[in-house]
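The next block holds one structure in the form of structure tokens; read it before the comments.
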Amino acid sequence: MSSKVTLPPGLAKLVVQYAQHRSAITRGGWTLAFLFLAIRVRSALTKQKPKTGPAAAQEVEQRRSRKGKKGGGPRADVDAVFFKRFGKLLRIIIPGVSSKEFWLLNTFSGFLLGRTLLSLYIADLDGKIVSALVRGQGRQFLLYIVYWMAVAVPATYTNSMLTFLQNKLAIAFRTRLTNHIHDQYLADMTFYKVGNLDDRIKNADQLITQDVSKFCFAVSELYANLSKPTLDTLLYNWQLARNVGGEGIFGLTAVVQSSAWVLRVLTPHFGKMVAEEQRLEGEFRFTHSRLIENAEEIALYGGHAVEKGNLDQNYFNLIRHVNRIFKTRIWHGMLEDFVIKYVWGAMGMAICGIPAFFELPGTDGSSDVGSRTQGFVTNRRLLLSSADAFGRIMYSYKEISELAGYTARVSELTTVFEDLRAGKFQKTLTSNADVNTLKHRGSLVEGENIEFTNVPIVSPNGDVLVKALTFHVHPGMHLLIVGPNGSGKSSLFRILGGLWPVYGGTVEKPHYKKVFYIPQRPYLSMGTLRDQIIYPDTHAEMLAKNTTDADLQAILSVVQIGPIVDREGGWDAEKDWKDVLAGGDKQRIAMARLFYHKPRYAILDECTSSVSMDIERIMYTHAQSLGISLITVSHRPSLWKYHNWILQYDGQGGYVFTKLDAERRLALQEEKNLLEQRLIEVPKTEKRLRELREVFRATPAGSRPESEGSSEGDEGTD
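Residues in the sequence shown are numbered consecutively from 714, following our numbering.
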């Protein structure tokens, strides 16, 4: 039968001296431990402080250069930048103590605390059950089994509620963050600017729909995987310190900290890997989106082989990176399991066995087998739970790294949205871009008229189309805009609509509801047939304007598509209207939308190209009868008579803004066309004349017809 081991005299004497000064030594040890922890935290934060000065600027420029070459995304390290980004997003998903998310988090924390307390009680109950079994106390054994079954009810309920609350918390976070991003995305034309005026984000749809969701679920999982293990570690170690003494726990903590440092040093940058994986996912999806968007052109060119190569290449890059992550996690998982499960477990069981095998000074050693068994089982249960909790804390570092990747991408999204709303753009410029012009900003004022005063027309990539444009449109004026392609006609509308920034001069324009834009390909929204006429109004807003379906029917009758209501199944019919309606019907619907809103100004960009001239006449005359001032871009001379001013670009940066005499311009146009036709015939006439002269030179005079001979003689006499 085994007995306790007696310590050697020298070691026993040392232990006795330690026991006499145990309190002072323990306090000093814990003080040193907390001081060491504070120094490490301060050192970590100091290393991550942002640099300043020329060296920092050079480092940032080099990082941007590397990013441009490799196509990388934002940094995804667990550093001060991560905590700053995460804190900013945390203030969005938990806006205050009165928010739903805050109280949901508190409820979740309460269940986490309850689960830990239940675990402590179960550990103690486990030791009592084994002790009763060893001692042969059947009645106590059965009673403890009843307690075991009774505590299972709140324990299982707590586990289920933790899972429910974690998912509920993730959904609440996602709802809050998605609403915030939608508010940014759909304000100040950000949804247009992010894809047309800025190059930093190529796949905003994936970031909003997928990365936001992954970020929110990662936050909820991280809170559960950090708070519960941390609480478990503190309470379990506190209980273990009471059972086996603080010295063993302190020694075990030293071993754990040293091995944890080794693990942290050897842990790969999973945050960067996750961020890169999401970027490659976005590129793969973006390639598919481009294929769908340009399907017609690709099909006509027969470019399916090239596009397949691009798709396969992007997919191969993604899978290669994912496989690299999987391979990295093999050896990292082996290292984690070996250290956390086996090394820490062996050290812990050795510490739990000290009271059973060593007779320490100051102990009577009178405990029986049942008490020692109960103590060992309870302490082992506590130790395993504590090791498991600390292991989950160590595992959570990998989760924090992955969260850093999601945080970097979502934070970049919100940062870009904020920059766009502030007028800060990062766009790839052309080689001849005027950088100085792009640095300036003009003024945009709200008024009753449309006026451009010395406004440069500049594309987002830096092409200066017109250096300084000046014109005006007042109520009652109808402006025709003409010019070659790429001269700045549509660019003017984008500036007027607030899509492009004003790089100089002054733009005066009315409230956006007083200016209505109709493109060549009208936008048809999701919804009913009624919604197509009243867009962007809702049905409730239509009724608030005292407009009825009969009024809409009258508008459709003006553009001569009244039967479309019965043909398509009534006003409440919902279809994919962009596919159901023909091109001419779409343009008539767009003009009906104009007549419904009756704005002060209407911008018509080749919006009658698919209708007949009779319908075109009806559209323009009815719009003018409603008091709408028309601004039209068109190459059709038939529209000139509906305008009294003209803005003509020459395609070389120049323009002319003057009154338009439609009849005189049409007459001059006809004369111009006639002269051009005659000029085209001149080379043919000269060629024929040369041929006739050659014939006359080669033919003898006697063999020529009399009329020809006399003609030649006359010609020679002359």
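Heads up, the beta-carbon is just placed ideally off N, CA and C, and yes, glycines get one too.
Note that the structure is a prediction, hence the values are computed from the model and not measured.
Beta-carbon proximity list for residue i, same chain, < 6 Å, skipping 5 on both sides
i: Leu1024; result: Thr1000
i: Gly995; result: Asn916, Gln919
i: Val987; result: Glu1115, Gly1118
i: Asp1285; result: Thr1241
i: Arg913; result: Val1129, Gln1139
Residue i - containing beta strand (DSSP E), residue span
i: Asn1198; result: No beta strand (DSSP E) holds Asn1198; DSSP gives it neither H nor E.
i: Tyr1277; result: A small fix is needed here, since residue 1277 is Ile in this sequence, not Tyr. Here Ile1277 belongs to no beta strand (DSSP E); instead the alpha helix (DSSP H) covers 1277–1281.
i: Thr1334; result: Where Thr1334 is concerned, there is no enclosing beta strand (DSSP E), although the alpha helix (DSSP H) it sits in stretches over 1326–1338.
i: Phe795; result: Segment 793–806 is the alpha helix (DSSP H) holding Phe795; no beta strand (DSSP E) there.
i: Val1158; result: 1156–1159
i: Ser1342; result: 1342–1346
i: Tyr1225; result: Counting along the chain, Tyr1225 falls outside any beta strand (DSSP E), and DSSP gives it neither H nor E.
i: Ala1181; result: 1177–1186
i: Thr1371; result: 1368–1372
Cβ shell of residue i (< 7 Å), same chain only, five flanking positions each side left out
i: Leu1360; result: Phe1184, Leu1192, Ile1194, Tyr1368, Phe1370
i: Leu1388; result: none
i: Val925; result: Arg887, Leu890, Thr891, Ile894, Val1123
i: Gly1275; result: Gln1266, Leu1269
i: Gly781; result: The predicted position of Gly781 is uncertain, since its pLDDT is 42 and thus under 50; no value can be drawn from it.
i: Leu846; result: Phe854
For residue i, the three-state DSSP class (helix, strand or coil)
i: Glu1287; result: strand
i: Leu1205; result: helix
i: Asn1167; result: strand
i: Ile1274; result: coil
i: Leu1212; result: coil
i: Asp943; result: A small fix is needed here, since residue 943 is Thr in this sequence, not Asp. Residue state, collapsed to three classes: helix.
i: Ile1435; result: Residue 1435 is absent from the model: the chain starts at 714 and stops at 1431.
i: Ala770; result: Low confidence applies to Ala770: its pLDDT is 40, below 50, so where it sits in the model is not reliable, and the reading given next is rough at best. Helix at Ala770.
i: Ile921; result: helix
i: Leu1142; result: coil
i: Leu979; result: helix
i: Ile1194; result: strand
i: Thr1398; result: helix
i: Gln1266; result: helix
i: Val932; result: helix
i: Gln1390; result: helix
i: Gln1382; result: helix
i: Thr1261; result: coil
i: Val810; result: coil
i: Thr1219; result: strand
Residue span of the alpha helix (DSSP H) that contains residue i, given as start and end
i: Gln853; result: 851–898
i: Phe997; result: 983–1006
i: Ile1302; result: 1296–1310
i: Tyr1355; result: Element bounds for Tyr1355: n/a, residue is neither H nor E.
i: Lys906; result: 903–909
i: Tyr1314; result: It is not in any alpha helix (DSSP H) - Tyr1314 instead sits in the beta strand (DSSP E) that spans 1314–1318.
i: Arg1042; result: 1017–1050
i: Lys1152; result: 1148–1152
i: Gln1245; result: 1242–1247
i: Met1239; result: Segment: none, Met1239 is in no alpha helix (DSSP H) and carries neither H nor E.
i: Ala1257; result: 1252–1257
Contact set for residue i: own chain, Cβ-Cβ below 8 Å, skip 5 residues either direction
i: Ser1203; result: Asp1318, Val1346
i: Ile1011; result: Leu1004, His1017, Glu1020
Assess contact between the region 862–872 and the region 910–921, defined as three or more Cβ pairs (one per stretch) separated by less than 8 Å. Is contact present?
no
For the structure I just gave you, are there three or more beta carbon pairs, one from the region 1311–1326 and one from the region 1216–1236, closer than 8 Å?
yes
Is the region 1260–1271 close to the region 1296–1308, with three or more CB pairs under 8 Å?
yes
Taking 8 Å as the cut-off, does the region 1198–1212 touch the region 1381–1400 (at least 3 CB pairs, one atom from each stretch)?
no
Across the region 809–826 and the region 935–942, are there enough close Cβ pairs to call them in contact, namely three or more that are closer than 8 Å?
yes
Check whether the region 1162–1180 touches the region 1238–1246, taking contact to mean three or more Cβ pairs, one atom from each stretch, closer than 8 Å.
no
Is the number of C-beta pairs between the region 978–993 and the region 1030–1039 that are closer than 8 Å three or more?
yes
Stretch pair the region 1244–1254 + the region 1327–1339: three plus CB contacts closer than 8 Å:
no
Inter-stretch contact at 8 Å, needing at least 3 Cβ pairs: the region 1117–1135 / the region 792–800
yes
Inter-stretch contact (C-beta, 8 Å, three-pair minimum) for the region 874–888 and the region 928–935:
yes
Would you call the region 1215–1222 in contact with the region 1159–1170, where contact means no fewer than 3 C-beta pairs closer than 8 Å?
yes
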